[in-house]
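All remarks here apply to the structure that follows.
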Amino acid sequence: MTNQTSENNKRIAKNTLFLYFRMLFMMAVSLYTSRVVLDALGIEDFGIYNVVGGFVAMFTFINTSMSSATERFLNYEMGCGNEKTVHTVFCTSVNIHCIISIVILILAETVGLWFLNTKMVIPESRMTAALWVYQLSIFSTVIMVMSVPYNALIIAHEKMGTFAYISVLEVILKLVILYVIIISPFDRLIFYAFLMMLTQILIRFIYGRYCSMHFSESHYKFIVDKVKLKEMLGFAGWDLYGNMSVMARTQGVNVLLNLFFGPVVNAASGIATRVQAAIMGFAGNIIVAVRPQLIQAYSVRDYHRMNGLMIKGAFFIFLLLSTLSLPVMIETPYILQLWLKTVPDTTIVFCRLTLLFNLIAAISSVVMIGIHATGRIKKSSFINGTLYCMVIPISYLFYKMGGQPELAYLINVIAVFIGMSCNIVYLHLYIPEFDVWNFVVKVIGRCMSIFALNSLILYALSQILEVSFMRLLYVCLISLVLSLSEAWLFMTKNERSLVTDKILSIWKKMH
1 MTNQTSENNK RIAKNTLFLY FRMLFMMAVS LYTSRVVLDA LGIEDFGIYN
51 VVGGFVAMFT FINTSMSSAT ERFLNYEMGC GNEKTVHTVF CTSVNIHCII
101 SIVILILAET VGLWFLNTKM VIPESRMTAA LWVYQLSIFS TVIMVMSVPY
151 NALIIAHEKM GTFAYISVLE VILKLVILYV IIISPFDRLI FYAFLMMLTQ
201 ILIRFIYGRY CSMHFSESHY KFIVDKVKLK EMLGFAGWDL YGNMSVMART
251 QGVNVLLNLF FGPVVNAASG IATRVQAAIM GFAGNIIVAV RPQLIQAYSV
301 RDYHRMNGLM IKGAFFIFLL LSTLSLPVMI ETPYILQLWL KTVPDTTIVF
351 CRLTLLFNLI AAISSVVMIG IHATGRIKKS SFINGTLYCM VIPISYLFYK
401 MGGQPELAYL INVIAVFIGM SCNIVYLHLY IPEFDVWNFV VKVIGRCMSI
451 FALNSLILYA LSQILEVSFM RLLYVCLISL VLSLSEAWLF MTKNERSLVT
501 DKILSIWKKM H
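Position one of the sequence shown corresponds to residue 1 (UniProt numbering), numbered consecutively onward.
Next comes the structure, spelled out in structure tokens:
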């Protein structure tokens, strides 16, 4: 292992730790705030906030594509060492995101407003509040869109400490919001949406200020580079179809649940989504830490490094997620009873299927980074997008035939598995040096074996012990021990030495 590779690996590990600190704090607060918000707003208002806010989020599929393009081109040019081009990419990105904000505003105030008023199932007594939430959510979304180039720049520079601290501040502000809405004499649903909007404005200002102080390329100038603009829009354009389909697969299901089953089932979906976001965030930490170096490795055609990052990244993301997900899947009823005062029907099965979806999506997301690194996303986006679009009509047909709410979640799981398989094939077509068989054996084969073994052990343990908080702790502890043992087993000799040296170093400092 070269010194440069060793330093890069250490930086990934350090950045991942920063992001885990961020995520642990955010997860703990998220679990608490979900309970308080559900209790403060009530199941119906909580469901309304979830479906209305989620519907606005559907329009951000445009921004999601451009966000991927911004990160890809920033990382690629940094890998090539082109400082001037990095500045051009940033300024071009700001220009494009201004246009995206205007497009989202127009779509939301026309098509979106019509759909909210005529199609969504919302109690008449809460329609005015829903309209307020909708408008405030639109403004929050526009602010979030304009933050993307700055967030991407921080991540591209691998300043994960700053990213973590700002996120912690955002979570603290949301805690303050909870206290304020509880004591507020105003309509809690409207006031909650208003305070969330103010939080977005403040965080956007902080990101912008930090970038202007630390990165010279963040000093915006109106630049029109037609070549770079065409490249970025071309990338985003093909990615747009894929992201639009993913948004339909997620938020579209939420709308279908509202149309067929009403706001109470939306509340169950909202809780499952929060559990998904909290746990998937841990996988996202590794993805965020690995992504810059993976794209930069491709930019200098270091395929050996790229293959290694993809295999290690996908495997350890799955291992981490399974460590967290399996105890939650087994102990879902007990955890929900501890967490929430009122548990909406279907929440348990929603949570379990969502966590299974997460495990497959985590592996697929690493493969997608490799595809994005090449910039050749036309075919993969079209195939994946078409596949994901089919989730909505298939779910609709099942619901029309009297299907249960959880069917859409099961279809999601099947779709993401097929999508992952397609991504692996296309990455090999784009990069022949990508070793498909090696990836299948060392990632998918290992992950399936580990998941099956750990599931059997943890399920057997749960059947032996009585339902209690101690059983939950035992299941979590055994899950952690199993995963650490498996991680150690699949580490290389150099990686084991690195971990051992780090542990000994910490031990000496403590003594």
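Glycine residues also receive a C-beta, built at the ideal position from the N, C-alpha and C atoms. Please read all numbers here as calculations on a predicted model, not as lab measurements.
Measure the alpha-carbon distance for residue i versus residue j and round it to whole angstroms.
i	j	result
F115	V121	10 Å
Y334	M146	41 Å
W132	I99	24 Å
K221	T88	9 Å
V389	T85	For the sequence presented, residue 389 should be read as Cys rather than Val. If you take the alpha carbons of C389 and T85, they lie about 36 Å apart.
R397	V255	Sequence inspection shows Leu at residue 397; the Arg mentioned does not correspond to that position. Straight-line Cα distance between these residues: approximately 14 Å.
V51	A156	33 Å
V264	R274	16 Å
A277	P327	16 Å
M448	Y459	16 Å
T162	G445	37 Å
A297	T374	11 Å
A108	L74	30 Å
V142	T92	18 Å
V253	P405	10 Å
L233	L321	34 Å
G81	L24	34 Å
residue 514	G262	The question about residue 514 has no answer, for the chain in this structure spans 1 to 511.
Y207	R22	16 Å
residue 514	L136	Residue numbering for the chain in the displayed model covers 1 to 511; residue 514 lies beyond these limits and cannot be assessed.
Q200	F191	14 Å
D45	G79	48 Å
M491	R305	16 Å
Y303	L489	25 Å
C476	K119	43 Å
D187	V227	50 Å
L407	H219	49 Å
N494	L504	15 Å
D435	N307	7 Å
S20	G402	Strictly speaking, residue 20 in this sequence is Tyr, with Ser absent from that position. Cα-Cα distance, rounded: 42 Å.
N438	Y426	15 Å
Taking the Cβ atom as the reference point for each residue, do residue i and residue j lie within a distance shorter than 7 Å?
i	j	result
A452	V416	no
L178	A129	no
A193	T70	no
D239	I377	yes
I311	I286	no
G53	N266	no
residue 513	V148	A question about residue 513 goes unanswered here, because the residues of the chain that appear run from 1 up to 511.
G313	V288	no
H428	R72	no
V171	V29	yes
S395	I383	no
I182	A40	yes
F90	E231	no
L113	E331	no
S381	G242	yes
M260	Y399	Residue identity check: residue 260 is Phe in the sequence provided, not Met. Contact: yes.
T354	A272	yes
I339	R126	Ile is not the amino acid found at residue 339; the sequence shown has Trp there. For W339 and R126, no; Cβs fall outside 7 Å.
I295	V367	no
L480	N454	no
residue 537	L319	Lying before the first or after the last residue shown, residue 537 is absent from the chain, which here runs from 1 to 511.
M197	S140	yes
L356	V441	no
F315	M160	no
A236	S101	no
L324	I279	yes
M329	R301	no
C211	Y150	yes
How many whole angstroms separate the CB atoms of residue i and residue j, which I take to be in contact at a CB cut-off of 8 Å?
i	j	result
S364	Y76	So it is not a contact: roughly 21 Å between Cβ atoms.
I431	G370	7 Å
I450	L461	Contact doesn't hold; Cβ gap of about 16 Å is too wide.
I138	L175	Going by Cβ atoms, the distance from I138 to L175 rounds to 25 Å, so no, they are not a contact pair.
L38	T342	7 Å
E158	P344	No, E158 and P344 are not in contact; Cβ-Cβ is about 41 Å, not under 8 Å.
Using a Cβ cut-off of 7 Å (strictly closer), state whether residue i contacts chain B.
i	result
L202	Going by chain labels, chain B is absent from the structure shown, which holds only one protein chain.
Length at least 3, wholly inside the stretch 135 to 190: the beta strand (DSSP E) runs in chain order:
Entirely contained in the stretch 135 to 190, not one beta strand (DSSP E) run reaches 3 residues.
Sequence ranges, alpha helix (DSSP H) only - wholly within the stretch 267 to 323, length at least 4:
none
Is the stretch 485 to 500 touching the stretch 463 to 473 in the sense that three or more CB pairs, one from each, lie closer than 8 Å?
Not touching, per the Cβ criterion.
Please give the ranges of any alpha helix (DSSP H) in the stretch 72 to 103, keeping only runs that are unbroken, at least 4 residues long and fully inside the region.
none
Enumerate, from N- to C-terminal direction, the unbroken alpha helix (DSSP H) stretches of 4 or more residues contained entirely within the stretch 407 to 482.
407 to 430, 436 to 439, 446 to 464
Let me know the alpha helix (DSSP H) ranges lying completely inside the stretch 106 to 137, each 4 residues or longer, listed in chain order.
113 to 118
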